[in-house]
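J.: full-length UniProt numbering puts the sequence shown at residues 1 to 570.
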Amino acid sequence: MSSLIYSTQGGRQLERVRLHSSCSSFLKEVQWVKKILNPSQTTRKSKTPGHGRQALAIDVRNLQAVASDQVATKKPEASGAVPYDEKLLANYVPVYVMLQLGVITLDNNLEDRDGLGKQLKELRAAGVDGVMLDVWWGIVESNGPKEYNWNGYRNLFQLIQECGLKLQAIMSFHECGGNVGDAVSIPLPKWVLEIGESNPDIFYTNSTGNRNKECVTLGVDKEPLFQGRTAIEIYRDYMKSFRENMSDFLESELIIDIEVGLGPAGELRYPSYPQNQGWVFPGIGEFQCYDKYLEADFKEAAATAGHPEWELPDEAGEYNDKPESTEFFSSNGTYLSEKGKFFLTWYSNKLLDHGDQILEEANKTFLGCKIKLAAKVSGIHWWYKVENHAAELTAGYYNLNDRDGYRPIARMLPRHHAILNFTCLEMKNSEQIAISKSGAQELVQQVLSGGWREGIEVAGENALSRYDRAGYNQILLNARPNGVNKEGPPKLRMQFVRKMHADQDYCPDPQKYNHYIGPLEQSKPKIQMDVLLEATKPIKPFPWNKETDMSIGGTGILASIIEKIFSLFK
């Protein structure tokens with residue numbers, strides 16, 4: 001559901017950006033805007049079939065934070081080819097387009113191969129670097145445990161390779177359906193759902209006992225409930241089968257990135273705000289730790305801490321409540337008490353450990369492959385500007401004004417050589433309803449800055465479809481918070497097809513813009529939890545420019561005209 005910017009020492013920019021939008025509408029925008037802004041240039045268009053969470057994947061993961069001083073100039077490959085500006089090329093951000101959710105059907109087929117091939121070639125002609133897509137667990141292992149069928153995806157990967165594009169693959173261990181923009185339904189494997197019928201506690205559960213079948217609870221990560229396998233072993237075996245069956249595509253370096261699904265919507269979080277259970281923005285959501293496995297884990301942790309009498313919260317409200325209407329989140333509420341702090345620490349630490357374990361298995365699986373691993377964190381921006389940050393807390397991000405809930409994640413990722421992928425890059429606070437107390441801009445700055453301070457590569461994407469100049473310019477700003485550095489690599493970076501490429505033509509050699517992907521190295525030793533939690537100390541974010549210096553449409557009358565054109569596609 002997101003391109004990458006790689007950040008080496010000292011580099012601060014996004015590693016990729018993914019744009020979620022209708023590709024057909026986006027293509028119309030590309031054509032109109034280029035005709036207006038660059039009438040002397042050849043109009044390039046990109047088009048891919050779309051429904052659901054489709055993105056013009058200007059993956060922040062491909063928006064690279066480059067810190068190297070070595071920048072190469074492209075040698076003309078043919079007569080008349082224009083060489084790159086070697087300094088501006090250092091600001092180049094690869095652009096990846098997210099394919100539609102149902103590009104592979106439930107019965108594991110690639111439909112309309114010729115039509116999709118034509119559209120992929122149009123993307124390539126538009127200067128797009130590659131595509132991203134979900135590799136659904138519910139399709140590949142649907143027939144039974146360890147009965148993998150990769151035929152549909154092999155057919156698709158071959159097509160992508162023939163069209164000259166690169167690929168970022170998402171190991172999607174969640175259900176498709178029930179999230180914002182989901183227009184297709186791809187459930188978990190039938191055999192997993194059957195186990196859930198006799199043991200519903202394998203699913204996340206709220207305080208009233210409602211089960212969420214979007215993904216398996218992290219409470220069973222180490223429970224051998226799946227015909228002798230634990231949940232983590234299931235994910236491990238799936239990724240091993242992927243490597244074995246896609247070895248030719250890995251060796252040819254078609255696949256440059258593996259994003260590991262870690263929860264609902266593939267994100268490292270709890271499913272605290274499920275639309276299919278009635279949640280509506282900006283509800284605070286609900287804690288999801290009431291399955292018997294997580295409940296037992298909490299009771300054991302509380303007893304070890306000397307408080308066997310402590311129970312899981314029962315006063316945190318319902319999905320659509322406001323924080324102040326609950327005892328837990330109200331002023332001087334439970335979340336500030338010793339018991340509340342213990343619970344929130346336990347709840348968020350379980351999530352952190354969950355991501356750490358699965359990424360370690362992913363690292364073992366893809367060790368030596370020339371790919372990057374990535375983990376996605378959700379941009380929960382509503383209620384950010386209130387003291388309790390309620391919506392973030394229910395999702396598992398223990399983030400308060402005096403406690404950073406994201407930097408511990410950023411500190412964990414580099415041990416697996418993994419990228420942090422973040423959402424809501426397109427959002428401005430002023431666009432959100434006042435009651436939501438949104439702090440989208442501050443949240444993006446906090447999370448991206450935290451990643452850069454921990455020395456990792458940071459990527460990003462838009463959370464919702466956008467067809468307007470303002471949204472695109474906000475993504476451009478977050479891609480390179482301090483603008484283009486005409487003397488070389490920017491201090492902070494991310495970006496947009498031509499703009500993302502720093503006004504340079506498509507560059508087929510990532511090494512020329514310091515985007516080298518070497519063999520994946522082995523995970524480093526496990527980091528103790530107390531060391532990870534040292535990163536909860538708040539640190540002021542890096543400074544951000546007020547506006548992007550690579551604006552789409554610029555300012556004045558021309559910008560107004562372009563804004564009107566964009567509005568036609570909203």
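No residue lacks a Cβ here, since even glycine has one placed at the ideal position from N, Cα and C.
Go to ASP112, then tell me how far its alpha helix (DSSP H) extends in each direction, as first and last residue.
T.: No alpha helix (DSSP H) contains ASP112, which DSSP labels as neither H nor E.
J.: Could you check the C-alpha separation between PHE298 and PRO481 for me, to the nearest Å?
T.: 41 Å
J.: Considering Cα atoms alone, identify which of THR365, PRO308 and GLU251 is closest to LYS339.
T.: PRO308
J.: Starting from GLY460, trace the beta strand (DSSP E) in both directions and tell me its first and last residue.
T.: 458 to 461
J.: Leaving aside the five residues before and after ALA418 along the sequence, list all residues of the same chain whose C-beta is less than 7 Å from its C-beta, in chain order.
T.: Result list for ALA418: LEU359, LEU373, ALA374 and ALA375, in chain order.
J.: In this structure, what does DSSP give as the bridge partners for GLN168?
T.: MET132 and ASP257.
J.: Give me the Cα-Cα distance between LEU367 and PRO519, rounded to the nearest whole angstrom.
T.: 7 Å
J.: Under 8 Å: do the segment 414 to 432 and the segment 318 to 326 share three or more Cβ pairs, one atom per stretch?
T.: no
J.: Measuring alpha carbon to alpha carbon, tell me which of CYS215, SER247, PHE249 and ILE539 ends up nearest ILE234.
T.: Taking only the C-alpha atoms, the option nearest ILE234 is CYS215.
J.: Measure the alpha-carbon distance for ARG243 versus ILE258 and round it to whole angstroms.
T.: 11 Å
J.: Could you check where the beta strand (DSSP E) with ARG415 kicks off and where it finishes?
T.: Unbroken run through ARG415: none, as it is neither H nor E.
J.: Taking all protein chains shown into account, decide if GLN522 is buried (16 or more other Cβ within 10 angstroms of its Cβ) or exposed.
T.: That one is exposed.
J.: Consult DSSP for ILE419 and reduce its assignment to one of helix, strand or coil.
T.: strand
J.: Span of the alpha helix (DSSP H) holding VAL97?
T.: Note, VAL97: premise wrong, no alpha helix (DSSP H); beta strand (DSSP E) at 96 to 98.
J.: When you compare the CB positions of TYR270 and TRP137, do they come within less than 8 Å of one another, or not?
T.: no
J.: Just the C-alpha distance for ARG407 and LYS537, rounded to the nearest angstrom, thanks.
T.: Spanning the two alpha carbons is a distance of roughly 9 Å.
J.: Considering ASN473, what are the terminal residues of the alpha helix (DSSP H) in which it resides?
T.: 469 to 479
J.: Determine whether the beta carbon atoms of PRO313 and ALA390 lie at a separation below 8 Å.
T.: no
J.: Using 10 angstroms around the beta-carbon of ILE255, count the other beta-carbons present and answer buried if the total reaches 16, otherwise exposed.
T.: buried
J.: Reducing DSSP to helix, strand and coil, say where TYR335 ends up.
T.: helix
J.: Distance check for VAL131 and GLU122, CA to CA, integer angstroms please.
T.: 12 Å
J.: Going by beta-carbon coordinates alone, are ILE170 and LEU133 separated by less than 8 Å?
T.: yes
J.: Which residue marks the beginning of the alpha helix (DSSP H) containing LEU156, and which one marks its end?
T.: 151 to 162
J.: Mapping DSSP to helix, strand and coil, what is PHE226?
T.: Annotated three-state conformation of PHE226 is strand, per DSSP.
J.: Just the C-alpha distance for ASN210 and CYS289, rounded to the nearest angstrom, thanks.
T.: In this model, ASN210 and CYS289 are separated by some 11 Å (Cα to Cα).
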